[in-house]
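Taking it in order: structure first as C-alpha cells, then the write-up.
Protein chains in written order, with the numbering used here: chain A, 1 to 148; chain B, 1001 to 1578.
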C-alpha cells in the first residue's frame, strides 16, 4: 500500500506538538494539546484508509474507485467524542480557575508529602534543591501559586 | 437471522441501561420515580445476565450481528462464558451500589451531588461496562470505554468541590491519553488487517509479519494496562479514586479496572494466542503486586489504603493471564469475579464507616467495634477475604493461581508464586493495622494519641514516652524519624501531625471521633438501605466459597473456551471457519 507522505508528516507534527502541550501545567494548554493530538490521530486514520478515491456514496459510485468509507465513519465518531471531552475539560478548567484562581494541574497530595519527606531527609539533599526555601508546613504549597 | 432465540437477550443489558438513563433524565423532576426506574432497570439486567450465563453455559456462545450485517462488515455482540460471567457479577455489584446510594441519600444533597445527574450517569456507566464485556469489535470496545469513562468523569467530579476537581483533572487527562493511544492502535490495526472485528483480526493476524503484530499487541496492551492500573501505569489510581463519594469509588474500584483486565484477557487469548509475552506480563504482575501493597501499608486513610490494595491485587490477575495456561486463566477469571465483589463491598463498608465516624482518617477513629458492631463485622469479613484467609473466596482464587504458577514451574513463575504469598501476608498486615486502629482501640485512646502527637514543626526530635497518658492504655513511646512519627506499633506521616494539631486547637471545626461523640453530633443509626446492600455483597462474596466448586468448574470451562478460541471464532464467523 502506498502512503501519502504529507498526511504522515501532518499527523506526526500534530501528535508531537499535542504531546508537548499536554506536558504543560496549565489545563488550558493541556486542552489545546489534546485537541491537536486527537486531530493528529484522526489524520492518521486517513492514512490507514489507504488510497484516495471517489466519495463512497451508495448511488453512482464504482466500488473499484471508491475511497474506504469505514475509517471516515470511525473518524466522525472520534471527532464527536473529542468534542464532548473538550467541552468537559473546558468546564473543569473554568471550575479550577473559579476555585483556585488558576487552572494549573495540581500535584497528587501524597506526591507533595513524599517531596516534603525527601526535603527533610539528609540523604536526598540534592532533590529539587531549588524548592528548599519553600515553607515546609503549609498545606497548599503545591497549589501552584508559588509556581507562577 | 430467522430465529434469534437467546441471542436476542445479548444486547438488552446495554439497551435497557441506556433507555433507563434517558428515562431517568426525563424524570429528574420526580426523584422517587427516577429511583424506581433505575432499580427496576438494574434489577432486570441482573436477571438477563443470569439467564444469559445459563444459556451460554448450556448452549455455547451467543452472537448477535447488529443490523443484520454479515460478519465482515457489521459489528457483533458476543456473549461467551467469560463475558456472561463478568456481566452477571458486574450487574449484581452495580445493583447493590445503586441501592446503597439510595440509602446514603447521595441524590438528595444538592451541594455534593446534583439530584438529576447521578442516576442517568450511573446507568450510562453500567451500559458502557456491559457493552465492553459483550463487544466483539475493537472500535465498539473503544466506544464502550468512552461511554463508561465519560460517565466516570462526571461521577468522579460530582459537585465539583476543590478536592474532586483536583483529583478529577489527573484522572481525565490520563484516561484521555489512553483513549488516544487506543485510537492509534485501532488505526494501526485497521491499516494492517483491514478489519476491526476481534474474530476477523484473530484470523488475519497470523498472516502479518511478526513485528507488525507485536506493535499492535503492545499498543493494545499499554492502552488496557492504563485502564487496569497495572504498574507502572497505575499511578493515577490511588490519587483519583478516594475523593469521590463512597458508592462511586466502590463501583469504580470494583468494575472499571476489571474492564481493563477483561480487555487484556480477551485480546491476549483471542487475537495473540501465539505470543503470550509471558515474561513481560509476569514482570508487570510482580511489580504491581509488590509496589501496590507497599503503598497500601504506608497509608493512614482507609480509602487510600484500599485503593493501593486494589492496584496490588490487579497483579494477581495479570499473573494468571501472563501464565497463559488453562489453570492460570481460570484462576485469573475466578479472581476477577471475587475481586469485583470484595473490593466493592469494602469500599461500601468504608462509606458506612465514614457515615458513622465522620471520617476515614485512621488518626481520628477508634472504638468502632463497640460503637458499630455490625459495621465491624462487615469490614472484618471482606478484609480477611481480601487477605486470603481460608476458607473464603480470596483463598480459593489465590490457591488456584499459585497452583497454576507451580505447575508452570519456570523460575519467574516461581518468583511470582512467592510474591503472591508475600503480597497476601502484607495485605493481611495492612487490613489488620486498619482494623486495630479504627475498630479495636477506644475513641478516648485515639484522641489521647492524637493529642500526644507533637507539633508538625518539631521534626526529628525524640520525645520521651509520655507514660500512661492514654486512659486504659499502656504507656506509648513516641519516636520521630525522617518525617514520620512512630507511636507504639503505629506510624503517622507529617500530614497526620497537622491533622492532630487541628484537633487540638479549640477554634478548629475539625473534630475526631471522640470529640464528635462527646458533642453527640453523630448519627446513632445507619440507614438500613445502606447497610443491607453492603451486607448483601459481603454475603455474595461468602457465597463464592459455598459455590466454590461449581464456580471454579465454570471458570475452568470459560478458560478452556478462550484458550481453544474455536467456540468464539466459529460462533462469530459462521461461514466456514475450521
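The beta-carbon is built from N, C-alpha and C at its ideal position, and this holds for glycine as well. Predicted, not measured: the structure shown is a model, and the values here were computed from it.
Going by DSSP, name the residue or residues bridged to residue 1197 of chain B. For the purposes of this step, residue 1197 of chain B is taken as the residue at position 197 of the second chain. Answer is B:1137.
Give the DSSP-derived three-state secondary structure of residue 1365 of chain B in the structure shown. Position 365 of the second chain holds residue 1365 of chain B. In this structure, residue 1365 of chain B counts as coil in the three-state DSSP scheme.
Who are the Cβ neighbours of residue 1552 of chain B in its own chain at under 8 Å, not counting the five residues just before and after it? Numbered from 1 along the second chain, position 552 holds the residue referred to as residue 1552 of chain B. So the list reads 1330, 1334, 1396, 1400, once near-sequence residues are dropped.
Minimum Cβ-Cβ distance from residue 71 of chain A to chain B less than 8 Å: Against the first chain, residue 71 of chain A aligns to sequence position 71. With 8 Å as the cut-off, residue 71 of chain A counts as an interface residue toward chain B.
Contacts of residue 92 of chain A in chain B (Cβ-Cβ under 9 Å): The count along the first chain starts at 1 and reaches residue 92 of chain A at position 92. 1153, 1157, 1160, 1165, 1168, 1169, 1172, listed in chain order.
Any C-beta of chain A sitting closer than 8 Å to the C-beta of residue 1021 of chain B? The residue given as residue 1021 of chain B occupies position 21 in the second chain. False, the Cβ-Cβ gap to chain A never drops below 8 Å.
What alpha helix (DSSP H) runs, 4 residues minimum, are completely inside the segment 41 to 110 of chain A? Listed in chain order, the complete alpha helix (DSSP H) runs (minimum 4 residues) inside the segment 41 to 110 of chain A are 69 to 100.
Start-to-end residues for the alpha helix (DSSP H) that takes in residue 1214 of chain B: The residue you call residue 1214 of chain B lines up with position 214 of the second chain. Looking at the DSSP string, the run of the alpha helix (DSSP H) that includes residue 1214 of chain B is 1210 to 1228.
Leaving out five residues before and five after residue 1287 of chain B in sequence, what residues of the same chain have Cβ atoms less than 6 Å from its Cβ? The residue labelled residue 1287 of chain B in the question sits at position 287 within the second chain. So the qualifying residues of the chain are 1231.
Check whether the segment 1116 to 1136 of chain B touches the segment 1078 to 1096 of chain B, counting contact only when three or more Cβ pairs, one atom from each stretch, lie closer than 8 Å. yes
Got a sec, what are the start and stop residues for the alpha helix (DSSP H) residue 1032 of chain B sits in? Here residue 1032 of chain B refers to the residue found at position 32 of the second chain. Taken as a continuous stretch (DSSP letters only), the alpha helix (DSSP H) holding residue 1032 of chain B covers 1031 to 1059.
Can you find the residues in the same chain that come closer than 6 Å, C-beta to C-beta, to residue 1233 of chain B, ignoring five residues on each side of it along the sequence? In the second chain, the residue the question calls residue 1233 of chain B occupies position 233. Answer for residue 1233 of chain B: 1225, 1226, listed in chain order.
Identity of the residue in B:1383, B:1434, B:1189, B:1279 nearest residue 167 of chain A by Cα: Within the shown structure, residues of chain A are numbered from 1 to 148, placing residue 167 of chain A beyond reach of any answer.
For residue 17 of chain A, decide whether its Cβ has a neighbour in chain B, counting only Cβ atoms nearer than 8 Å. The residue given as residue 17 of chain A occupies position 17 in the first chain. Not closer than 8 Å to any Cβ of chain B, the Cβ of residue 17 of chain A fails to qualify, so no.
Taking a Cβ distance cut-off of 7 Å, strictly less, list which residues of the segment 1189 to 1201 of chain B are near chain A, in chain order. 1190, 1191
In whole angstroms, what separates the C-alpha of residue 1351 of chain B from that of residue 9 of chain A? Start at 1 with the first residue of the second chain, and residue 1351 of chain B comes out as number 351. Start at 1 with the first residue of the first chain, and residue 9 of chain A comes out as number 9. Going by the C-alpha atoms only, they are around 51 Å apart.
Burial state of residue 1407 of chain B, where buried means 16 or more other Cβ atoms lie within 10 Å: Counting from one through the second chain, the residue named residue 1407 of chain B turns up at place 407. With fewer than 16 Cβ atoms within 10 Å of its Cβ, residue 1407 of chain B is classed as exposed.
Rounding to the nearest angstrom, what Cα-Cα distance links residue 65 of chain A and residue 54 of chain A in this structure? Here residue 65 of chain A corresponds to residue number 65 of the first chain, with the count starting at 1. Here residue 54 of chain A corresponds to residue number 54 of the first chain, with the count starting at 1. The alpha-carbon atoms of residue 65 of chain A and residue 54 of chain A are separated by roughly 6 Å.
Using a cut-off of 9 Å between C-beta atoms, extract the partners of residue 1143 of chain B located in chain A. Along the second chain, one-based indexing puts residue 1143 of chain B at 143. Using a Cβ-Cβ cut-off of 9 Å, residue 1143 of chain B is close to 77, 81 of chain A, given in chain order.
Out of curiosity, what's the CA-to-CA distance linking residue 1284 of chain B and residue 1320 of chain B? Counting from one through the second chain, the residue named residue 1284 of chain B turns up at place 284. Counting from one through the second chain, the residue named residue 1320 of chain B turns up at place 320. Distance between the alpha carbons of residue 1284 of chain B and residue 1320 of chain B is about 12 Å.
Can you find a C-beta in chain B that's less than 8 Å from the C-beta of residue 10 of chain A? Within the first chain, numbered from 1, the residue matching residue 10 of chain A stands at position 10. By this cut-off, residue 10 of chain A is not an interface position.
Once DSSP output is grouped into helix, strand and coil, what is the label at residue 1073 of chain B? Numbered from its first residue, the second chain carries residue 1073 of chain B at position 73. Residue 1073 of chain B falls in the coil class under three-state DSSP.
For the segment 1382 to 1466 of chain B, which segments carrying the beta strand (DSSP E) assignment without a break, of at least 3 residues, lie completely within its bounds, in sequence order? Taking only runs of at least 3 residues, no beta strand (DSSP E) segment lies wholly in the segment 1382 to 1466 of chain B.
What residues from chain A crowd round residue 1139 of chain B, counting only those whose CB sits closer than 8 Å? Your numbering for residue 1139 of chain B matches position 139 in the second chain. Neighbours of residue 1139 of chain B on chain A, chain order: 74, 77.
Given residue 1177 of chain B as reference, the closest of A:3, A:6, A:41, A:11 once Cα atoms are compared: By 1-based counting over the second chain, the position of residue 1177 of chain B is 177. Checking every option, the nearest Cα to that of residue 1177 of chain B belongs to A:41.
Name the chain A residues whose beta carbon is nearer than 7 Å to that of residue 1297 of chain B? Here residue 1297 of chain B refers to the residue found at position 297 when the second chain is read from its first residue. From the beta-carbon of residue 1297 of chain B, no residue of chain A is found nearer than 7 Å; the closest lies around 13 Å away.
From residue 1145 of chain B to residue 1389 of chain B, what distance separates their C-alpha atoms? Walking along the second chain from the start, residue 1145 of chain B turns up at place 145. Walking along the second chain from the start, residue 1389 of chain B turns up at place 389. Rounded to whole angstroms, residue 1145 of chain B to residue 1389 of chain B spans 34 Å at the Cα level.
Could you tell me whether the segment 1364 to 1374 of chain B touches the segment 1235 to 1250 of chain B, using the rule of 3 or more Cβ pairs below 8 Å? With the rule of 3 Cβ pairs closer than 8 Å, the segment 1364 to 1374 of chain B does not count as touching the segment 1235 to 1250 of chain B.
Would you kindly check if the distance between the Cβ of residue 1405 of chain B and the Cβ of residue 1342 of chain B is under 8 Å? Position 342 of the second chain, counted from the start, is the residue given in the question as residue 1342 of chain B. Position 405 of the second chain, counted from the start, is the residue given in the question as residue 1405 of chain B. Not closer than 8 Å, so no.
List, in chain order, every chain A residue whose beta-carbon is nearer than 9 Å to that of residue 1317 of chain B. Residue 1317 of chain B sits at position 317 when you count from the first residue of the second chain. Those within 9 Å of residue 1317 of chain B in chain A number zero; the least Cβ separation is about 25 Å.
Could you tell me which residues DSSP pairs with residue 1064 of chain B in its beta bridges? Within the second chain, the letter at position 64 stands for residue 1064 of chain B. B:1077, per the DSSP bridge assignment.
Are there three or more Cβ pairs, one per stretch, closer than 8 Å when the segment 1034 to 1042 of chain B is compared with the segment 1536 to 1549 of chain B? no
Sort out for me which residues DSSP pairs residue 26 of chain A with in a bridge. Walking along the first chain from the start, residue 26 of chain A turns up at place 26. In DSSP, residue 26 of chain A forms a bridge with A:104.
In whole angstroms, what separates the C-alpha of residue 1358 of chain B from that of residue 1529 of chain B? Taking the first residue of the second chain as position 1, residue 1358 of chain B is located at position 358. Taking the first residue of the second chain as position 1, residue 1529 of chain B is located at position 529. Going from the Cα of residue 1358 of chain B to the Cα of residue 1529 of chain B covers about 18 Å.
Starting from the beta carbon of residue 1354 of chain B, find every residue of chain E whose beta carbon is closer than 9 Å, and list them in chain order. Among the protein chains of the structure shown, namely A and B, there is no chain E.
Helix, strand or coil for residue 1301 of chain B per DSSP? As a position in the second chain, residue 1301 of chain B is number 301, starting the count at 1. Residue 1301 of chain B: strand per DSSP, three-state reduction.
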